[in-house]
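Peer 1:
In our numbering, the protein residues as written are 5 to 279.
#1: In whole angstroms, give me the CA-to-CA distance for residue 150 and residue 234.
#2: In this structure, how does DSSP classify residue 201 when only helix, strand and coil are distinguished?
#3: Pull up the CB-CB distance for residue 120 and residue 177, whole angstroms please, since I reckon it's below 8 angstroms.
#4: Are residue 29 and residue 143 touching if we call contact CB-CB under 9 angstroms?
#5: What residues match up with residue 66 in a beta bridge as DSSP calls it?
#6: For residue 70 and residue 261, what's the separation of their Cα atoms in angstroms?
#7: Between the beta-carbon of residue 257 and the beta-carbon of residue 210, is there less than 9 angstroms?
#8: Could you spell out where the beta strand (DSSP E) holding residue 94 opens and where it closes?
#9: Among 40, 244 and 158, whose alpha-carbon lies nearest the alpha-carbon of residue 91?
#10: Do you know offhand how far residue 207's Cα is from residue 89's?
#11: I'd like the span of the alpha helix (DSSP H) that includes residue 116, first residue to last.
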């Protein structure tokens, strides 16, 4: 018998290609819980329609008119929260371009949250400031519904959310398997990265690459996803040895990110994004 149900709130604007794959991955590889998947979109006005194929993979689809006076991500989270039924004690917040090939991490952090009475778990976004990632987070639904202002940010959402939790003493946990996110400055001297951050995480079996940053777009992202997953999730031209070699390289980069000299070792963590 599966564990109790968990809600999943997937938000999207233009990344509908990613969204379809994201939902297929959830339905195929997330097995521990019964998942109620809510998709919230504000891209239809700009031509990013939710196809019938995508709708069939979701339990609920909400399409919004984008609001000019509010951050797009803020609007998606606030509106989507309203459609998470109260019966779900925990929810996973997910961006459409974030693909996670196992739900073991979700179960692990729900157990930790229960044991430590935490209401939020996600990666530390930037190490030098108080911040929490929003592309993948495990959250206590009741806390969010009682504190919707946590998503009323105008800028720097990762810092805003973390500062809100600190101000109301809501306990949060770092998902270390998705860290570190950003490259130390010293490492950027010899490691070429278009975005300055990691988009593949071997221990989380996760990829968060943006298609526009990849020369091979969807085909390349699927190759990178196979490497992060550790198995051939997608039928690309990779061989098992290609995946093993790619995974070894990924693990070496992840190790280098942890041991490289970083300013946070000697400087106190900053607070920003309070408004």
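Ideal placement from N, C-alpha and C gives every residue a C-beta, glycine not left out.
Peer 2: Looking at the coordinates:
#1: In this structure, the CA atom of residue 150 is about 39 angstroms from the CA atom of residue 234.
#2: In the three-state reduction of the DSSP assignment, residue 201 falls in the strand class, which pools E and B.
#3: Indeed they touch by this definition, with Cβ atoms about 7 angstroms apart.
#4: One thing to note: residue 29 has its Cβ no nearer than 9 angstroms to the Cβ of residue 143.
#5: For residue 66, which the question treats as bridged, DSSP gives the partners 44.
#6: Approximately 37 angstroms, taken between the alpha carbons.
#7: Contact flag unset, no.
#8: Unbroken beta strand (DSSP E) run through residue 94: 94-99.
#9: Distances from the CA of residue 91 to each of 40, 244 and 158 were compared; the closest alpha carbon is that of 40.
#10: So the alpha carbons of these two residues sit roughly 31 angstroms apart.
#11: Residues 108-120.
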